[in-house]
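Quick note: the sequence shown uses our numbering, first residue 33, plus one each step.
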Amino acid sequence: MQSSEQSESRRQLLKWLAASPLLAFPGLAGLAAQTPARAPQKLPDPMLWAPADLQDLITKPGDAINVFDFEPVARRNVPPAHFGYMASGIDDEVTLRANREGFLKFQLRPRRLVDVSKVDMSVDILGARYATPIVVAPIGGHRAYHEGGEAAVARAARAGNHLMILSTQSTTSPEDVMAARGGPIWYQLYATNKWEVTRAFLARAERAGCPVVAVTVDRNGGRNQETLFRLQRTDTRTCSACHDRSSLTATYDGRPMYEGVDLSGLSNIQSSAMTWDTIKRIRDTTRMKVVLKGILAHEDAELAVKAGVDAIVVSNHGARSEDSGRATIDALPEIVEQVRGRMPVLVDSGFRRGTDIAKALCLGATAVCVGRPYYLGPGRVRPARRRAGARPVAHGAPRHHAAGWRAVDQTPRAGHGAPGLTAWTEETRKDAICRADWGFSSPSYWWP
Ligand SMILES: Cc1cc2nc3c(=O)[nH]c(=O)nc-3n(C[C@H](O)[C@H](O)[C@H](O)COP(=O)(O)O)c2cc1C
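1) Going by CA-CA distance only, name the one from Ala176, Val322, Ile311 and Asn98 that's closest to Thr387.
2) According to DSSP, which residues form a beta bridge with Arg287?
3) If we count the other Cβ atoms within 10 Å of its Cβ and call it buried at 16 or more, is Phe261 buried or exposed?
4) Am I right that Gln257 and Ile122 are in contact with their C-beta atoms under 8 Å? What's the rounded C-beta distance?
5) Does the distance between the C-beta of Asp380 and the nearest non-hydrogen atom of ligand 1 fall short of 7 Å?
6) With burial defined as no fewer than 16 other Cβ atoms inside 10 Å of the residue's Cβ, what is the status of Arg194: buried or exposed?
7) How many angstroms separate the CA atom of Val341 from the CA atom of Val249?
8) Please look up how many angstroms separate the CB atoms of Gln220 and Lys325, rounded, as I've assumed it's under 8 Å.
9) When burial is assigned at 16 or more other CB atoms within 10 Å of the CB, is Glu125 buried or exposed?
10) Is there a Cβ of chain B sitting closer than 8 Å to that of Arg269, yes or no?
11) Return the chain-ordered ranges of every beta strand (DSSP E) run that is complete within the region 359 to 394 and spans a minimum of 3 residues.
12) Tell me whether Pro365 counts as near ligand 2, meaning its Cβ is closer than 7 Å to at least one heavy atom of that ligand.
13) Quick check: what's the CA-CA separation for Pro243 versus Leu158?
14) Tell me the rounded alpha-carbon separation between Ser278 and Ala246.
15) What are the boundary residues of the beta strand (DSSP E) that Leu221 is part of?
16) By the three-class DSSP mapping on this structure, what secondary structure does Ile311 have?
17) Tell me, which residues are paired with Ile344 by DSSP?
18) Along the chain, where does the beta strand (DSSP E) containing Thr203 start, and where does it finish?
19) Hey, out of Ser205, Arg255, Thr164 and Ala237, whose CA is closest to Ala184's CA?
20) Do you know how far the Cα of Arg132 is from the Cα of Asp309?
21) Considering only the alpha carbon of each residue, which of Arg141, Val402 and Asp463 lies closest to Gly350?
22) For Thr259, which residues from the same chain have a beta carbon less than 8 Å from its beta carbon, with the 5 sequence-adjacent residues on both sides left out?
23) Using a Cβ distance threshold of 8 Å, determine whether the region 134 to 145 contacts the region 367 to 379, with at least three qualifying pairs required.
24) Is the closest heavy atom of ligand 1 to the C-beta of Gly116 under 7 Å?
25) Check whether the Cβ atoms of Thr164 and Glu354 sit closer than 8 Å, and answer yes or no.
26) With a threshold of 7 Å on Cβ separation, who are the neighbours of Ile301 within its own chain once the five nearest residues in sequence on each side are excluded?
27) Sorted by chain position, which residues of the same chain lie with C-beta nearer than 6 Å to Gly396's C-beta, five sequence neighbours on each side aside?
28) Consult DSSP for Arg231 and reduce its assignment to one of helix, strand or coil.
29) So if DSSP puts Tyr162 in a beta bridge, which residue, or which two residues, is it bridged to?
30) List the whole-angstrom C-beta distance separating Ala186 from His114, where the pair is believed to meet the contact cut-off of C-beta under 8 Å.
31) How many Å lie between Ile361 and Val377 at the Cα?
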């Protein structure tokens with residue numbers, strides 16, 4: 033254990049080194065600034081030579097090195113309550129961290145001397161071919177982040193030929209989103225506890241031309257989003273000026289999926305009473321294919337197969353449904369093993385890098401849905417907070433979304449080559465991954 037004098041001397045040493053013209057690199061200044069009151073007992077190994085500098089945010093989308101670069105920009109530009117809604121997990125956010133750290137438990141086993149100069153990343157999902165295995169996850173309320181809303185995201189999805197899943201909470205109609213996507217989109221259903229509401233949503237999505245409904249099965253109660261609540265307290269705007277929360281009808285007034293839908297008798301849109309009978313009823317009611325979003329146990333995967341469900345999404349709702357700390361990448365193997373290829377298995381929550389995606393595909397996932405990264409990009413600009421000379425990232429939604437997607441898009445190409453695979457075949461991908469058999473630590477835990 034170090035004494036406080038030793039800690040202080042170390043901080044002083046780092047400051048002095050950072051100021052030295054002989055050792056003039058920004059990394060040390062960052063380290064000195066980050067040195068906690070109780071200093072670490074050793075320098076990180078390997079050294080962080082280019083830590084992200086939160087004072088120097090990207091000013092245009094093309095500057096993003098990775099999808100994380102959008103996050104501090106959104107934090108600066110988006111009203112705190114809106115940012116909090118997006119960034120929140122629940123409770124202690126153990127699952128939020130676990131979703132990222134879970135990837136470290138798996139390692140790729142690259143095969144060498146394979147020509148990966150041309151790779152085929154395309155996937156078939158329920159009869160449609162997509163250019164990549166990256167799917168746009170359903171997220172509600174895009175217009176809270178940019179006026180282009182879901183249609184702008186759809187245009188970006190069109191550019192990259194991505195499957196897009198539209199949320200029940202969409203701020204744009206499914207018809208308009210479908211037109212912007214230039215092809216079919218899936219519809220995500222919050223079924224609620226009132227069958228008439230479920231039926232109305234299904235009918236609307238079917239009329240709009242959605243071929244698939246993804247029923248979200250992991251929202252059966254309220255949730256404790258502490259990050260959201262804390263950031264809400266720092267937001268000086270009057271929320272009720274934009275959001276009328278006086279009743280459920282008022283809350284969803286103007287949301288296209290709710291047009292003409294009678295919400296009387298409901299106090300929330302969660303589905304606490306949903307059972308396998310509900311799924312059967314949905315299947316019997318709609319011609320759309322039925323996908324379950326939020327499966328985490330192999331027993332439920334088997335029940336889904338038996339219920340004639342067409343596909344599942346292994347998801348913990350981006351760490352927004354429970355906080356027990358289990359990453360979806362940890363849940364994936366037992367589910368793939370149980371399903372044995374009888375239906376597609378998609379997965380989401382925490383996917384940020386190409387190797388994350390490669391790991392899921394090696395473990396047998398058909399595709400990976402991505403949520404926050406594409407949502408982060410379009411944050412509105414608040415000029416008052418702009419750094420002098422800096423130009424905001426958030427102008428021009430389609431361009432911006434497309435750039436956000438480009439950052440996401442480029443990673444699987446790299447990730448794809450990593451295991452030495454030119455395409456995801458059943459025979460090759462299993463051998464391209466193994467479970468880490470050593471203690472692991474993520475970069476953020478380098479400091480003791
Ligand atoms: C702000 C926000 C809103 C969301 N809204 C919905 C929604 O309306 N319906 C739904 O099924 N999932 C919703 N999700 C969950 C996503 O579909 C997806 O499961 C999750 O974002 C994936 O995790 P990631 O954000 O770490 O990529 C939402 C997630 C976030 C972050």
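Each residue gets a CB set at the ideal place from its N, CA and C atoms; glycine is no exception.
Predicted model only: the values in this text are computed from it and were never measured.
According to the structure shown:
1) Checked all of Ala176, Val322, Ile311 and Asn98; the closest Cα to Thr387 is Asn98.
2) Note: Arg287 sits in no beta bridge, so no partner.
3) Around the beta carbon of Phe261, fewer than 16 other beta carbons lie within 10 angstroms, which makes this residue exposed.
4) That pair is a contact at about 6 Å.
5) Checking the Cβ of Asp380 against ligand 1 gives yes.
6) Per the sequence shown, residue 194 should be read as His rather than Arg. So His194 ends up on the buried side.
7) Using only the alpha carbons, I get a separation of about 13 Å.
8) Yes, they are in contact, since the Cβ atoms of Gln220 and Lys325 sit about 7 Å apart, within 8 Å.
9) With 16 or more Cβ atoms within 10 Å of its Cβ, Glu125 is classed as buried.
10) Absent from the structure: chain B. Only one protein chain is present.
11) The qualifying runs are 377 to 380.
12) This structure lacks ligand 2; the ligands present are ligand 1.
13) Taking the straight line joining both Cα atoms gives about 9 Å.
14) About 29 Å.
15) Counting along the chain, Leu221 sits inside the beta strand (DSSP E) bounded by residues Trp218 to Leu221.
16) Ile311 carries a helical assignment under DSSP once its states are collapsed to helix, strand and coil.
17) In DSSP, Ile344 forms a bridge with Leu324 and Val377.
18) Unbroken run through Thr203: none, as it is neither H nor E.
19) Closest in C-alpha terms to Ala184, from the list Ser205, Arg255, Thr164 and Ala237, comes Ser205.
20) Arg132 has its alpha-carbon roughly 34 Å from the corresponding atom of Asp309.
21) Of the candidates Arg141, Val402 and Asp463, the one whose C-alpha sits nearest the C-alpha of Gly350 is Val402.
22) Hits under 8 Å: Gly116, Ala119, Ser120, Gly121 and Glu125.
23) No, the region 134 to 145 does not touch the region 367 to 379.
24) It does not: the Cβ of Gly116 is nowhere closer than 7 Å to a heavy atom of ligand 1.
25) Their beta carbons are not under 8 Å apart, which means Thr164 does not touch Glu354 by this criterion.
26) Excluding sequence neighbours, Ile301 sits near Tyr222 and Thr224.
27) The beta carbon of Gly396 sits closer than 6 Å to those of Val368, all from its chain and outside the five residues before and after it, given in chain order.
28) In the structure shown, Arg231 adopts helical secondary structure according to DSSP, grouped into three states.
29) Its beta-bridge partners are Val155.
30) At roughly 21 Å, the Cβ-Cβ gap does not stay under 8 Å, so Ala186 and His114 are not in contact.
31) So the two alpha carbons sit approximately 12 Å from each other.
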